[in-house]
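Have a look at the structure below before the remarks.
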Amino acid sequence: MDYKLLVAQSLHDVLKDQLELNEINQLLEKPKMVEHGDLAFPTFQLAKLFRKNPAQIAAELQDQVSSPIIEKVQTVGPYLNFFLKKDQVSQLVLKEILEQKELYGAVNIGNGQNVPIDMSSPNIAKPMSMGHLRSTVIGNALSNILSRVGYNPVRINYLGDWGTQFGKLISAYKKWGTEEDVRANPIKELLRLYVLFHEEAEKHPELEDEGRAWFKKLEDGNEEAIALWTWFREESLAEFQKVYDRLNIQFDSYKGEAFYNDKMDSVVSLLDKKNLLTLNQGAHIVDLEKYNLNPALIRKSDGATLYMTRDLAAALYRKENYDFSQALYVVGQEQSNHFKQLKGVLSEMGYDWAENIHHIPFGLITKDGKKLSTRKGKVVLLEEVLNEASSLALQQIEDKNPSLENKEVVAEQVGVGAVVFHDLKNDRLNNFDFTIEEVVQFEGETGPYVQYTRARGLSILKKAEKESFSTSENYSLNDSYSWEVIKLIQEFPATLIRAYKQYEPSIIAKHSIHLSQAFNKFYANVRVLDEHPEKESRLALVYAVTELLKQDLTILGVETPDKM
RNA sequence: GUUCUGAUAGCUCAGCUGGAUAGAGCAUUCGCCUUCUAAGCGAACGGUCGGGGGUUCGAAUCCCUCUCAGAACGCCA
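According to the working numbering, the stretch in the first sequence is residues 720 to 1283, in order.
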């Protein structure tokens, strides 16, 4: 049920010689003010075609347009304002969502094609930070959006488990670490060693060479190096899993950078065969001047490979294995240059699918206005943030609803939900400065607000003992409070497609807030459980809202407690 | 220096393809629980949409330019 299209259709019946249907549909807009109706059609474009005064055109069209869902057409100057029949439209909208339930809005534009999504990708031996949260939750939300528009998302956790940093870590461990300390508190101790290394390297730059040498040994298969690396990796993965469990996120692949170690030589020789490599100051590079980019470093002067080399190998592997129609990389915007280079090199290699690789950048999280840096030990630990959020939510429950069952479970859902929602509600690219007070909010435009709205709706349904609604029955509503809700339900399918096209989860988050706001106004002004001719229809509306809020939150990866 | 982001209310941000009087949330002040969960609803306060040009019937939105902020710019990832 797309009422905009129906109105466009009725306009097209009158204007078919002048404008295409989709042109009319594009011109139709949602007026900002209620007194301007539900849809508005500006006639300025027609004024050019007809060489007439737009207001006159509007006045002439007013009487010619008709449709079963149009209540009345008003002209205000050059605008044609449409007021729709609330009962008719609400009946159609409710019928559709009651029938389709959690599939409401789902379409098939992806034909089941694979879309690998490079997401989360924390670094081994380092704690997960707020920055990893962004990649994780954005990637997860995009996966959910993609599957609802018919694609098959493949969530890939491209673990940062390889690189010079491990040489440094091994070097630091051998100098200052003990097995005991690492066993006792793996991530914390490994982080301490890593930070210490960088502090010492400031004073003794020769340490950098030592770190690089250890990495070279690791790459060459040195037994001691591999044993230490394997151990660090296992300890780290176990820690990460705790966080993923709390976020309720699963991955389809954990193939990290190390997985590509044995695929490096073939990438390098492939580049060489295509005559793309040049030797520059002892390093092998691919020149990208024609793309107005700096050269891509493929092999360092000591022979070791780099991030770019591994990403090339990974891209080739993913194309080979998933035959993707598009591949996404949910990585911070500070790496956009890297992805431009990656696409550039793939294009140079003659792969036209390079254009199907999309970097999905997101903004930087700072603390006290400064960039976070693991190397300097300046991090915001994700686990601590989630703990804090969860315990604040528990306090809130003790305060507001002390008799609630499963308090700890709900507190976790609400607290973690607040953090996740906060990360998704604004434009991906916005930077933000981290403060716990801002991230863990329960009032206003927040995750808990949406969760709470749904819980109140469910509570009504429970009191009415309504669990299901007959799809053969006709439910219709006429008041202005439910009308605002109906319009937002009707908008959801188009909203989902917009979120997909822009790879933008915040569009879904905004829909959930707007729907909650409209529903809470309805809730405050319309007594659902009172005896009334429209009682059943009101209950159907409540049900539809709880279903749709659940879908919104589920897409975002926010849990939906039934009571809170 | 070059390139990329961004600049809208005291703060955090919306504003879909240019359209009618620029909207939320937070904060502040006030009002609403004997009635479906007050994590809610309502009201008040709050803006020369960074500056200047241009395109257009019409610009927060498109183009140019300047200012300011953040980021990236070969052997880290």
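Note that CB positions come from ideal geometry on N, CA and C, so glycine has one too.
Express the C-alpha separation of VAL826 and TYR870 in angstroms, rounding to a whole number.
As a working note, residue 870 is residue 151 in the first sequence. As a working note, residue 826 is residue 107 in the first sequence. Their backbone Cα atoms lie some 10 angstroms apart in a straight line.
Identify, in the order they occur along the chain, each residue of the same chain with its Cβ nearer than 6 angstroms to the Cβ of VAL1129, setting aside the five sequence neighbours on each side.
Start at 1 with the first residue of the first sequence, and residue 1129 comes out as number 410. If we look at VAL1129 and ignore the five residues flanking it on each side, its Cβ neighbours are PRO1280, MET1283.
Give a yes or no on contact between the stretch 1191-1201 and the stretch 1247-1266, applying the rule of three or more CB pairs nearer than 8 angstroms.
yes
Suppose you measure from the CA of ASP971 to the CA of GLY1082; what does that come to, to the nearest Å?
Numbered from its first residue, the first sequence carries residue 971 at position 252. Numbered from its first residue, the first sequence carries residue 1082 at position 363. Going from the Cα of ASP971 to the Cα of GLY1082 covers about 26 angstroms.
Alpha carbon to alpha carbon, how far is PHE801 from GLU1203?
Position 82 of the first sequence, counted from the first residue, corresponds to residue 801. Position 484 of the first sequence, counted from the first residue, corresponds to residue 1203. Going from the Cα of PHE801 to the Cα of GLU1203 covers about 15 angstroms.
At the level of alpha carbons, what is the spacing between SER1337 and VAL1135?
Missing from the structure shown is residue 1337; the chain here goes from 720 to 1283 and no further.
Go ahead and pull the three-state DSSP assignment for GLN1170.
What you label residue 1170 is simply residue 451 of the first sequence in a count that begins at 1. GLN1170 falls in the helix class under three-state DSSP.
Enumerate in chain order the residues of its own chain whose CB-to-CB distance from MET1027 is below 8 angstroms, with the five nearest sequence positions on each side excluded.
Position 308 of the first sequence, counted from the first residue, corresponds to residue 1027. So the qualifying residues of the chain are ALA1015, LEU1016, ILE1017, HIS1057, GLN1060, LEU1061, VAL1064.
Do SER1225 and ARG1147 count as a contact pair if the criterion is CB distance below 8 angstroms?
Stepping through the first sequence from its first residue, residue 1147 is reached at position 428. Stepping through the first sequence from its first residue, residue 1225 is reached at position 506. Contact: yes.
Under the three-state DSSP convention, the category HIS923 falls into
The count along the first sequence starts at 1 and reaches residue 923 at position 204. Under the three-state reduction of DSSP, HIS923 is assigned to coil, being neither helix nor strand.
ASN1150: first and last residue of the uninterrupted beta strand (DSSP E) it sits in:
As a working mapping, residue 1150 is identified with position 431 in the first sequence. It is not in any beta strand (DSSP E) - ASN1150 carries neither H nor E in the DSSP assignment.
Cutoff 7 angstroms; reference ARG1037; Cβ partners in own chain excluding five residues on either side
Start at 1 with the first residue of the first sequence, and residue 1037 comes out as number 318. Excluding residues within five positions, the ones whose Cβ falls inside 7 angstroms are PRO835, PHE1043, ALA1046.
Would you kindly report the start and end of the unbroken beta strand (DSSP E) that includes ALA1002?
Looking up residue 1002 in the first sequence gives position 283. Looking at the DSSP string, the run of the beta strand (DSSP E) that includes ALA1002 is 1002-1005.
If MET849 and ILE1084 are in contact, beta carbons under 8 angstroms, what's the gap, nearest whole angstrom?
In the first sequence, the residue the question calls residue 849 occupies position 130. In the first sequence, the residue the question calls residue 1084 occupies position 365. Rounded, the Cβ-Cβ distance is 5 angstroms, consistent with contact.
So what's GLU1074 in DSSP terms, helix, strand or just coil?
Walking along the first sequence from the start, residue 1074 turns up at place 355. Of the three classes helix, strand and coil, the one that applies to GLU1074 here is helix, per DSSP.
Suppose you measure from the CA of VAL873 to the CA of LEU1215; what does that come to, to the nearest Å?
Counting from 1 along the first sequence, the entry for residue 873 is found at position 154. Counting from 1 along the first sequence, the entry for residue 1215 is found at position 496. Computed Cα separation, rounded: 19 angstroms.
Give the DSSP-derived three-state secondary structure of LYS1282 in the structure shown.
As a first step, residue 1282 must be located in the first sequence, where it is residue number 563. In the structure shown, LYS1282 sits in coil (DSSP, three-state: anything other than H, G, I, E or B).
Just the C-alpha distance for GLU748 and LEU758, rounded to the nearest angstrom, thanks.
Locating residue 748 in the first sequence gives position 29, where the first residue counts as 1. Locating residue 758 in the first sequence gives position 39, where the first residue counts as 1. When the Cα atoms are used, GLU748 and LEU758 turn out to be separated by approximately 6 angstroms.
Residue from SER1066, THR794, GLU1186 whose Cα sits closest to the Cα of TYR1010
Within the first sequence, residue 1010 is the residue found at index 291, counting from 1. Cα-wise, what sits closest to TYR1010 is SER1066.
Proximal residues to GLN1000 (C-beta, below 8 angstroms), its chain only, five neighbours per side dropped:
Translated into positions along the first sequence, residue 1000 becomes position 281. Around GLN1000: SER1020.
Since PRO905 contacts GLU958 with CB under 8 angstroms, what's their CB separation in whole angstroms?
Along the first sequence, read from residue 1 onward, the residue named residue 905 stands at position 186. Along the first sequence, read from residue 1 onward, the residue named residue 958 stands at position 239. Under the criterion of beta carbons closer than 8 angstroms, PRO905 and GLU958 qualify as touching, at roughly 7 angstroms.
CB-CB length for GLY975 against ASP837, believed under 8 angstroms:
The sequence position of residue 975 within the first sequence is 256, counting from 1. The sequence position of residue 837 within the first sequence is 118, counting from 1. About 11 angstroms separates the two Cβ atoms, so there is no contact after all.
Quick check: TYR798 and PRO761, are their CB atoms within less than 8 angstroms of each other?
Taking the first sequence and counting its residues from 1, one reaches residue 798 at position 79. Taking the first sequence and counting its residues from 1, one reaches residue 761 at position 42. Against a cut-off of 8 angstroms, the Cβ pair of PRO761 and TYR798 comes out as a contact.
Tell me VAL834's beta-bridge partners as DSSP assigns them.
Along the first sequence, one-based indexing puts residue 834 at 115. According to DSSP, VAL834 bridges with PRO872.
Spatial distance of GLU1210 from LYS1089 (CA atoms):
Within the first sequence, numbered from 1, the residue matching residue 1210 stands at position 491. Within the first sequence, numbered from 1, the residue matching residue 1089 stands at position 370. Cα to Cα, the separation comes out at about 40 angstroms.
Can you tell me the Cβ-Cβ gap for GLU1266 and ILE816, rounded? I've got them flagged as a contact below 8 angstroms.
Against the first sequence, residue 1266 aligns to sequence position 547. Against the first sequence, residue 816 aligns to sequence position 97. So it is a contact: roughly 7 angstroms between Cβ atoms.
With a CB to CB cut of under 8 angstroms and the five nearest residues on each side skipped, what residues in its chain are close to GLU1117?
Along the first sequence, read from residue 1 onward, the residue named residue 1117 stands at position 398. Only LYS1126 meet the Cβ criterion.
Since ALA946 is in the beta strand (DSSP E), which residue starts that stretch and which ends it?
What you label residue 946 is simply residue 227 of the first sequence in a count that begins at 1. It is not in any beta strand (DSSP E) - ALA946 instead sits in the alpha helix (DSSP H) that spans 942-966.
Please state whether DSSP places PHE802 in a helix, a strand or coil.
Residue mapping note: residue 802 aligns to position 83 of the first sequence, counting from 1. DSSP places PHE802 in strand when its eight states are reduced to three.
Just checking my contact of GLU919 with LEU926 at CB under 8 angstroms: how many whole Å lie between their CB atoms?
Looking up residue 919 in the first sequence gives position 200. Looking up residue 926 in the first sequence gives position 207. Contact between GLU919 and LEU926 holds: CB atoms are separated by about 6 angstroms, below the 8 angstroms threshold.
When ALA1263, LEU1091, GLY756 are compared against LYS820, the one with the closest alpha-carbon
For the purposes of this step, residue 820 is taken as residue 101 along the first sequence, with counting starting at 1. The candidate whose alpha carbon is nearest that of LYS820 is ALA1263.
For LEU826, name the three-state secondary structure that DSSP assigns.
Indexing the first sequence from 1 puts residue 826 at position 107. This sequence places Val at residue 826; Leu is not what is there. In the structure shown, VAL826 sits in coil (DSSP, three-state: anything other than H, G, I, E or B).
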